[in-house]
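Here's the structure, in structure tokens; my notes come after.
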Amino acid sequence: MSLSEAGTKTDKLIQKKNLPENIFIKGARVHNLKNISVSFPRNKFIVVTGVSGSGKSSLTMDTLFAEGQRRYAESLSAYVRQFMARMVKPDVDFIKGLCPAIAIEQKVITRTPRSTVGSMTEIYDYLRLLYGRTGITISPVSGREVKKDDIPDVLKAIQQLPLGSKAYILVPFKQHAKRDVREELNILLQKGFSRIYFTDKKAAARQSKKNTDTTSEIIRIEDLLEEDDKTLKQRFKAAVSVYLLVDRIITKEFDEDDIHRLNDSIGIAFYEGDGEMLLQINEAEIIPFSNKFELDGIVFEEPVPNLFSFNNPYGACPTCEGFSQVLGIDPELVIPDRRMSVYDGAVAPWKGEKLGWWREQFVKGARSINFPVHKPVADLTDEQYNILWTGQSGVYGIDDFFKEVEQNLYKVQYRVLLSRYRGRTKCPDCKGYRLRKEALYVKIGGKHIGELCEMQVNDLKKWFDNLQLSNYHKKVATRILIEIHQRLQTLLDVGLGYLTLNRLANSLSGGESQRIQLTRSLGSNLTNSLYILDEPSIGLHARDTERLISVLKRLRDEGNTVVVVEHDEMMMREAQHIIDMGPLASHLGGEVVAEGDYDAIIKNPESLTGKYLRGDLKIPVPKKLRTSKHSLKITGARQNNLKNIDVEFPLNVLCVVSGVSGSGKTTLVKQILYPALRRLKGEFGEKAGFHKSLEGDVDYISQVEMVDQNPIGRSSRSNPVTYIKAYDEIRDLFSKQHLSKLRGFQPKHFSFNVDGGRCDTCKGEGEQIVEMQFLADVHLTCEVCGGKKFKEEVLEVTYKGKNIYDVLELSVDDAIEFFSADKDGTAIAKAIKPLQEVGLGYIKLGQSSDTLSGGEAQRVKLASFLGKGKGAGHILFIFDEPTTGLHFHDIQKLLGAFSALIDQGHSVIVIEHNTDVIKTADWIIDMGPEAGDKGGNVVYAGIPAGLKKAKESITAKFIEVPPVNGRASASE
397 MSLSEAGTKT DKLIQKKNLP ENIFIKGARV HNLKNISVSF PRNKFIVVTG
447 VSGSGKSSLT MDTLFAEGQR RYAESLSAYV RQFMARMVKP DVDFIKGLCP
497 AIAIEQKVIT RTPRSTVGSM TEIYDYLRLL YGRTGITISP VSGREVKKDD
547 IPDVLKAIQQ LPLGSKAYIL VPFKQHAKRD VREELNILLQ KGFSRIYFTD
597 KKAAARQSKK NTDTTSEIIR IEDLLEEDDK TLKQRFKAAV SVYLLVDRII
647 TKEFDEDDIH RLNDSIGIAF YEGDGEMLLQ INEAEIIPFS NKFELDGIVF
697 EEPVPNLFSF NNPYGACPTC EGFSQVLGID PELVIPDRRM SVYDGAVAPW
747 KGEKLGWWRE QFVKGARSIN FPVHKPVADL TDEQYNILWT GQSGVYGIDD
797 FFKEVEQNLY KVQYRVLLSR YRGRTKCPDC KGYRLRKEAL YVKIGGKHIG
847 ELCEMQVNDL KKWFDNLQLS NYHKKVATRI LIEIHQRLQT LLDVGLGYLT
897 LNRLANSLSG GESQRIQLTR SLGSNLTNSL YILDEPSIGL HARDTERLIS
947 VLKRLRDEGN TVVVVEHDEM MMREAQHIID MGPLASHLGG EVVAEGDYDA
997 IIKNPESLTG KYLRGDLKIP VPKKLRTSKH SLKITGARQN NLKNIDVEFP
1047 LNVLCVVSGV SGSGKTTLVK QILYPALRRL KGEFGEKAGF HKSLEGDVDY
1097 ISQVEMVDQN PIGRSSRSNP VTYIKAYDEI RDLFSKQHLS KLRGFQPKHF
1147 SFNVDGGRCD TCKGEGEQIV EMQFLADVHL TCEVCGGKKF KEEVLEVTYK
1197 GKNIYDVLEL SVDDAIEFFS ADKDGTAIAK AIKPLQEVGL GYIKLGQSSD
1247 TLSGGEAQRV KLASFLGKGK GAGHILFIFD EPTTGLHFHD IQKLLGAFSA
1297 LIDQGHSVIV IEHNTDVIKT ADWIIDMGPE AGDKGGNVVY AGIPAGLKKA
1347 KESITAKFIE VPPVNGRASA SE
């Protein structure tokens, strides 16, 4: 068939399917896609599902988005296009109907410590604009509002006077340096002024004869200049005050010409008075006006948006430069154990014969300042804690101690002492708000911008709902408030109401970062665009997934096509169109198994997803619960939002910690249990969050492993086969081949991490990076090795017809089949078998670690432990949302891997929202009931069957657990 005939046939196919408005992909062959053709209905909510490795990302990200990005690149300058021409196009015949594509991935898109939730969502930009336009500056001295008077303010004051009132516009008479009075008067006369206004004793005497209370006298400048020098000096010296009279007014119904005259006079008065002028009414009351922004002797900065930017030198705190932290005395090093009291030695440096004096004097003086020295530091009120640091009434505090230390830094022992307690600490000038103090004087509704950024989004939304503004400010801020309300509501809808705007972007999880990008996309109000989201429900409780779906529908309703790569059943039920990829992973996948709405997928006998949805296949609940004789117990946990709770973790079982996003799960497990246990094991690590104690069978645990979603390696050369230590055996195998022996090749020649066998041009990377001046760097395939990473002579060495590059390109499933067929490769097949057991049979042996998702990286780590077997002692494994990126079918494999670990004598604690994992647990710890300050409690702790009885548990509403008689405990 000729090319023209093929095109005509395709056009007829599109017309037949009635797809002029749809996005149609013809002949996609990227990665494992098998020349598929598929249609994405435009302006619909579409879910692409299927087992891990079935080709979902290849179809959506590597084909659909990559082509959209390439077409955008064609519109760029010739300089950019000369590089883009060398970029590999997606392997597809054509894509018709493609609109501008936006991919929202699960990546923390920024690592800078300046980027925050507020700046990522653009809420902070609107807050800056709001404070710059409607903020009220409050003096820190008197608490009064700082105002700046303008011409309209003075004009309004004049117009409000009763008709017939006499008003003078005055300016204080100023005698400049090196000029006498006569010279000053001459200059004023030349400027066009004609009168000086005096108030003095003689004027008062003269006016008293006329039976009036006035003490003023108006004299023409020409008359003053005719006086001799002595008389002139005496007149000015005797005056109580001297003013330049700019204009005289009798109030009436002013016409337009009068208004122009008054505006000119007021403007001249402000200019001559260097920003200050006075309005005297009926020669009695004087009203001062100033167009200087000052009060209480302080000159304030006028509110402008840049004043509130910590990324701008104008607004950033000069001490910390907008980072909120400086190198100073670290309170956590000074008081390492907040469970202790001052009397018991909570203040670490106040020890020893000499320095112990500070503790003794504080304890002796505690009664006089009403300080509880026997109370744990953690239980002190904010006022008492401040007294401990600053001291009071002759009792010296910690700050006084360090002042003395700094005065003695010429002695080496004091320098060593100070170094022990220095660290990154909150900036003492801006108190961690990042802004210069002038910006924090500006308030709206009684709060400055830093205080708003410390509020949780839940509370901030309520604060804005109740915000009262003046009519003028309301008109100014209307559009700004609409944008702020919309973005705050979206953050609530995607389950991020527990975050604060000053939360650092680099501390967010991939799922949180993705949902924040979604918030920004909604705020941009784009239409007729293609949004591709990679598992946005990750890290979300089932309750929050409902809200997320409504947000995605809103994005669709604005005229966009929303494509979601997802495994969540709730998401599939709400989708208008589902594309099920499969039937299995890797070479067994890459096809469209089923497409249509939810009902069509369920009815399709070929769909593996449909079998799980209709119940033909299901993740089985173990018939017996495991019981434990050992446990660990955390007491008095108070870190972040935890409410002084005691929690017991049983060992040798599958223990699941559940709860809504932000309820305290991560704080409890990752910030308290994990580092506290590492410290007790003598391992170095981060400081544990505040708790009283970690008790129980600590000695029973030989080590603790955190299996999180962080990349398995920092280098692009890192890959799964090197991580599980199987690559060493592959290199040994190739070094034993006949050609290797002839050429003297050693195992190192088959490594791309050291010189020898790797390509000298790309240093084993397989690609070269072209740095773009204002765009992201372009990655181009190495022209010397063609992306194969090794030298030609090394690639000539083969094993069963495959060279080292071919082997690294094999999927895990294919590699196991390849190596199992031969005695020499049996050990390699056994080493990589755990990757298959955790559902990663589809990934390539040499796949770069930076192309693995967080969930895939986590399962590679799990596979490395499975491969170690029983000889590793009793390990406690902590998993943070291991179902990330997993289909129902893969979750079943993952649970099998957990069981294998427990059967080997290990213990597993899982932080998870997935209902299939929760219902198969042996023990559930449900946190909540809500997020943020409304969470932090243990709502339920026990076997799954009892969860339904927990009235406060939100998790219980979304999970069906077999009754106790349907699932007996092992003890029964």
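The opening position of the sequence shown corresponds to residue 397 in the numbering used here, with each subsequent residue numbered one higher. Ideal placement from N, C-alpha and C gives every residue a C-beta, glycine not left out.
Can you list, in chain order, the residues of its chain with a C-beta nearer than 6 Å to that of residue i? Leave out the 5 residues immediately preceding and following it.
{"i": "residue 870", "result": "none"}
{"i": "residue 511", "result": "901"}
{"i": "residue 398", "result": "Only weak support is given to the placement of residue 398: the predicted model assigns it a pLDDT of 44, under 50, and the value that follows is read from those uncertain coordinates. Counting only Cβ-Cβ distances below 6 Å, and skipping sequence neighbours, we find nothing."}
{"i": "residue 615", "result": "592"}
{"i": "residue 349", "result": "Because the chain here runs from 397 to 1368, residue 349 falls outside it and cannot be looked at."}
{"i": "residue 1150", "result": "1144"}
{"i": "residue 373", "result": "Because the chain here runs from 397 to 1368, residue 373 falls outside it and cannot be looked at."}
{"i": "residue 879", "result": "522"}
{"i": "residue 999", "result": "none"}
What did DSSP end up calling residue i once you bin it into helix, strand or coil?
{"i": "residue 712", "result": "strand"}
{"i": "residue 808", "result": "helix"}
{"i": "residue 1054", "result": "strand"}
{"i": "residue 739", "result": "coil"}
{"i": "residue 919", "result": "helix"}
{"i": "residue 1143", "result": "helix"}
{"i": "residue 1391", "result": "Coverage of the chain is limited to positions 397 through 1368, which leaves residue 1391 absent and any answer about it impossible."}
{"i": "residue 671", "result": "coil"}
{"i": "residue 457", "result": "helix"}
{"i": "residue 604", "result": "Confidence in residue 604 is poor, its pLDDT being 40 and thus under 50, which makes the residue's placement unreliable; the coordinate value appears in the next sentence. Helix, per DSSP."}
{"i": "residue 789", "result": "coil"}
{"i": "residue 610", "result": "Low local confidence applies: a pLDDT of 48 at residue 610 is under 50, so the model's placement there is unreliable, with the coordinate-based value given in what follows. Looking at residue 610 - three-state DSSP - the assignment turns out to be coil, as it is neither helix nor strand."}
{"i": "residue 522", "result": "helix"}
Taking 7 Å as the limit between beta carbons, can you name the residues of its chain near residue i, skipping five residues before and five after?
{"i": "residue 1166", "result": "479, 1173, 1174, 1176"}
{"i": "residue 743", "result": "730, 731, 755, 794"}
{"i": "residue 584", "result": "617, 640"}
{"i": "residue 788", "result": "765"}
{"i": "residue 1257", "result": "1103, 1108"}
{"i": "residue 418", "result": "435, 436, 437, 438, 493"}
{"i": "residue 527", "result": "699, 704, 838, 840, 845"}
{"i": "residue 925", "result": "495, 496, 498, 956"}
Write down the C-beta distance between residue i and residue j rounded to the nearest angstrom, noting that I regard them as a contact closer than 8 Å.
{"i": "residue 923", "j": "residue 956", "result": "6 Å"}
{"i": "residue 565", "j": "residue 661", "result": "5 Å"}
{"i": "residue 456", "j": "residue 812", "result": "Rounded, the Cβ-Cβ distance is 58 Å, inconsistent with contact."}
{"i": "residue 990", "j": "residue 1238", "result": "Rounded, the Cβ-Cβ distance is 19 Å, inconsistent with contact."}
{"i": "residue 1129", "j": "residue 1224", "result": "7 Å"}
{"i": "residue 986", "j": "residue 428", "result": "4 Å"}
Are the Cβ atoms of residue i and residue j separated by less than 8 Å?
{"i": "residue 935", "j": "residue 1054", "result": "no"}
{"i": "residue 1069", "j": "residue 1045", "result": "yes"}
{"i": "residue 487", "j": "residue 425", "result": "yes"}
{"i": "residue 1051", "j": "residue 1318", "result": "yes"}
{"i": "residue 638", "j": "residue 567", "result": "no"}
{"i": "residue 1298", "j": "residue 1049", "result": "yes"}
{"i": "residue 713", "j": "residue 899", "result": "no"}
{"i": "residue 1155", "j": "residue 1185", "result": "yes"}
{"i": "residue 551", "j": "residue 658", "result": "yes"}
{"i": "residue 1244", "j": "residue 1112", "result": "yes"}
{"i": "residue 977", "j": "residue 446", "result": "yes"}
Please work out which residues of its chain come closer than 8 Å, Cβ to Cβ, to residue i, disregarding the five sequence neighbours upstream and downstream, and give them in chain order.
{"i": "residue 1331", "result": "894, 1037, 1055, 1056, 1058, 1059, 1060, 1323, 1324, 1325"}
{"i": "residue 1292", "result": "1233"}
{"i": "residue 500", "result": "910, 913, 914, 917, 927, 928, 929, 930, 932"}
{"i": "residue 546", "result": "687"}
Answer yes or no: the CB of residue i versus the heavy atoms of the ligand FMN, is any distance below 7 Å?
{"i": "residue 886", "result": "Looking for the ligand FMN in the displayed structure turns up nothing, as the structure carries no ligands at all."}
(request) Jot down the residue ranges of each uninterrupted beta strand (DSSP E) in the segment 1174–1261, minimum 3 residues, whole runs only, in chain order. (result) 1174–1177
(request) Would you mind listing the alpha helix (DSSP H) stretches within the segment 524–599 that are 4+ residues and don't spill past its ends, in chain order? (result) 547–555, 577–587
(request) Counting only runs of 4+ residues fully inside the segment 1048–1118, write out the alpha helix (DSSP H) ranges in chain order. (result) 1070–1076
(request) Output the residue ranges of the alpha helix (DSSP H) runs that lie fully inside the segment 822–898 and measure 4 residues or longer, sorted by chain position. (result) 833–836, 845–849, 853–861, 867–889
(message) Runs of 3 residues minimum, wholly inside the segment 966–1039: which ones carry the beta strand (DSSP E) assignment?
(response) 973–978, 987–992, 1027–1033
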